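Novice:
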Amino acid sequence: MAGQVGSDVRHREVRIGIMLPLHDHNGDGKRMMEYYRGILMACDSLKVNGISTDIRAWNVAEETDVQKILRDPHAADRDLIIGPLYSKQVKALSDFVQKHNIRLLIPFSISSTDIQNNPYIFQVYQNGYTLNNSYVYRFCQRFKDCHPIIIDCNDSTSTKGGFVTTLRRKLDQDGVDYSITNLKTGEEAFKKCFSTAKRNIVVLNTSRSQDLGVAFAKLNGLVMKVSGLQISMFGYPEWLQYTRQYLDNLYKFDTYIPSTYYMSPLSYRVEHFKKKYRWNFHQDMQNYPQRFAAAGFDHAFFMIKGLHMYGNHFTGGTGMVGYTPLQTPLHFERMGNGFLQNKAILFVHYTLDNRIEPVNFW
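Residue numbers for the sequence shown follow this note's numbering, beginning at 30 and rising by one.
#1: Could you tell me whether the region 241-250 touches the region 203-220, using the rule of 3 or more Cβ pairs below 8 Å?
#2: Between which two residues does the alpha helix (DSSP H) holding GLN127 run?
#3: Does the beta-carbon of TRP308 have 16 or more other beta-carbons within 10 angstroms, so that it is buried, or is it exposed?
#4: Going by beta-carbon coordinates alone, are LEU133 and VAL126 separated by less than 7 Å?
#5: Are there 16 or more other CB atoms within 10 angstroms of the CB of MET22, so buried, or fewer, so exposed?
#6: Could you spell out where the alpha helix (DSSP H) holding ASN16 opens and where it closes?
#7: Any contact of the region 337-345 with the region 273-291, i.e. 3+ C-beta pairs under 8 Å?
#8: Considering only residues of the same chain and omitting the five flanking positions on each side of PHE172, which have a CB-CB separation below 7 Å?
#9: Just the C-alpha distance for SER238 and ASP283, rounded to the nearest angstrom, thanks.
#10: So, for SER208: in the same chain, excluding its five sequence neighbours on each side, which residues have a beta-carbon less than 6 Å away from its beta-carbon?
#11: Which same chain residues end up closer than 6 Å to ASP143 when comparing Cβ atoms and leaving out the 5 residues on each side of it in sequence?
#12: Ignore the nearest five residues each way along the sequence and tell me which others in VAL243's own chain have a CB closer than 6 Å to its CB.
#13: Verify the CB distance criterion: does PRO102 have a CB-CB separation below 7 Å to chain B?
#14: Could you tell me the distance, in whole angstroms, from the CA atom of MET30 to the CA atom of GLN319?
#15: Please state the DSSP three-state secondary structure of VAL388.
#16: Using a Cβ-Cβ cutoff of less than 6 Å, which residues in the same chain neighbour LEU99 once the five nearest sequence positions on both sides are dropped?
#17: Since PHE326 and MET70 should fall inside the 8 Å C-beta cutoff, what is the C-beta to C-beta distance between them, to a whole number of angstroms?
#18: Given this structure, state the Cα-to-Cα distance separating GLU42 from ALA329, to the nearest angstrom.
#19: Give the single residue among SER74, ASN130, GLN155 whose Cα lies nearest to the Cα of LYS305.
#20: For TYR149 and ASN371, what's the separation of their Cα atoms in angstroms?
#21: Going by DSSP in three states, VAL153 sits in which element: helix, strand or coil?
#22: Buried or exposed: GLN170, going by 16 or more other Cβ atoms within 10 Å of its Cβ?
#23: Where do the N-terminal and C-terminal ends of the beta strand (DSSP E) with GLU362 fall, by residue?
#24: In chain order, which beta strand (DSSP E) runs of at least 3 residues are fully inside the region 65-90?
#25: Which of the three DSSP states, helix, strand or coil, is assigned to SER116?
#26: Can you tell me which of the three DSSP states LEU336 falls into?
#27: Roughly how many angstroms lie between the CA atoms of ILE333 and ILE80, to the nearest whole one?
#28: Would ILE47 and ILE139 be called neighbours here (beta carbons separated by less than 7 Å)?
#29: By DSSP, does GLN259 sit in helix, in strand, or in coil?
#30: So, for PHE310: in the same chain, excluding its five sequence neighbours on each side, which residues have a beta-carbon less than 7 Å away from its beta-carbon?
#31: Just list the beta strand (DSSP E) runs in the region 155-183, keeping only unbroken ones of 3 residues or longer that don't cross its boundaries, in chain order.
#32: According to DSSP, is GLN33 helix, strand or coil?
#33: Going by DSSP in three states, MET48 sits in which element: helix, strand or coil?
#34: Taking 7 Å as the cut-off, decide whether the C-beta atoms of ARG107 and ILE68 are in contact.
#35: Taking 7 Å as the cut-off, decide whether the C-beta atoms of ARG44 and ASP83 are in contact.
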């Protein structure tokens with residue numbers, strides 16, 4: 030078993046088990062196949078660094094009986110299992126890794142209370158509540174000397190009410206004055222919401238593209254009439270899908286977009302990774318905002334290197350691995366006496382001098 034005396038993972042190959050839908054029958058399978066390929070590429074890179082791996086992969090589709098998979102003798106000799114994708118498979122895997130002293134990395138969204146009290150589980154995904162609190166905390170740190178302005182965009186379908194409510198509560202608690210206005214507000218009343226003494230940080234209460242376009246038009250009209258006005262924007266992860274359409278304005282208004290991942294199109298490492306993926310698998314990665322092969326690479330490289338360095342003492346804390354991610358930053362914190370939760374977030378900053386810089390919070 031993984032935890033037996035004499036089997037210290039720091040002095041041998043790291044044994045990895047992949048338990049995900051690895052097929053091409055539907056979107057889940059195709060995405061997880063790409064994620065798996067990223068894991069294989071990470072293992073190749075680690076081999077160059079002198080870290081050996083032994084990989085076993087099982088096709089754990091939505092209808093798969095996980096208990097049958099776990100009866101395979103090789104399942105119990107893993108140091109790390111990556112999976113599952115589906116919430117209904119979590120309990121069986123959670124019980125199994127706790128029994129056999131195996132680390133379990135759950136890479137994507139699941140709804141399960143079965144991880145709460147299991148210290149062997151690493152959860153990458155952060156839910157909306159966790160992210161809202163993290164984004165607001167870092168917002169208040171980063172923009173403590175700015176004047177916040179919240180613009181109501183009249184979107185009854187918006188999913189950003191939780192963030193805006195959390196932000197307003199925090200600003201009230203900290204005694205920070207802020208303004209509230211509306212996209213439909215007239216020019217004079219709109220102008221009065223902005224400070225001429227401080228940089229203004231603008232927040233919309235929706236992530237919709239059309240409202241962002243209207244907001245940029247309104248802000249452009251404002252800065253033409255009020256010289257010297259300083260304005261930054263704070264957005265939402267969805268804005269990363271609109272960057273081509275709004276790039277000039279994202280730069281002009283010093284925009285910050287919060288996210289849990291970002292892969293720079295200007296990075297040499299990213300370009301090399303894309304070329305290597307194409308060379309290895311004779312196709313490009315699927316065009317999702319989050320590239321699954323890059324996620325697989327980051328997750329596997331971080332976890333395998335950490336286990337190689339620290340063995341059973343690895344917790345994924347800040348600075349333990351010293352790995353610069355391609356796309357997905359990782360920093361785990363223990364939740365009580367239970368699982369380890371990824372807490373890493375970043376702000377993608379579109380600077381006034383037309384650069385894109387990720388601001389990482391580890």
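Here a beta-carbon is modelled for each residue, glycine too, at the ideal position from N, C-alpha and C.
The structure displayed is predicted, hence computed values, not measured ones.
Specialist: In terms of the structure at hand:
#1: yes
#2: 119-129
#3: The residue is exposed, with fewer than 16 neighbouring Cβ atoms inside 10 Å.
#4: The beta carbons of LEU133 and VAL126 sit closer together than 7 Å.
#5: With the chain running from 30 to 391 in the structure shown, residue 22 is simply not present.
#6: Lying outside 30 to 391, the shown extent of the chain, residue 16 is not represented and no answer is given.
#7: no
#8: ILE230
#9: 18 Å
#10: ILE178, CYS222
#11: VAL119, LYS120, SER123
#12: LEU212
#13: This model lacks chain B altogether, as it is built from one protein chain only.
#14: Confidence at MET30 is low in this model, with a pLDDT of 44, below 50, so its placement is unreliable and the value that follows should be read with caution. So the alpha carbons of these two residues sit roughly 35 Å apart.
#15: Strand, per DSSP.
#16: PHE125
#17: 5 Å
#18: 14 Å
#19: SER74
#20: Cα to Cα, TYR149 sits roughly 14 Å from ASN371.
#21: coil
#22: exposed
#23: Counting along the chain, the beta strand (DSSP E) containing GLU362 begins and ends at 361-363.
#24: 82-88
#25: helix
#26: helix
#27: 8 Å
#28: Cβ atoms of ILE47 and ILE139: not closer than 7 Å.
#29: coil
#30: ARG66
#31: 176-181
#32: Annotation note: pLDDT 46 at GLN33 (below 50); position unreliable, no value reported.
#33: Strand at MET48.
#34: For ARG107 and ILE68, no; Cβs fall outside 7 Å.
#35: yes
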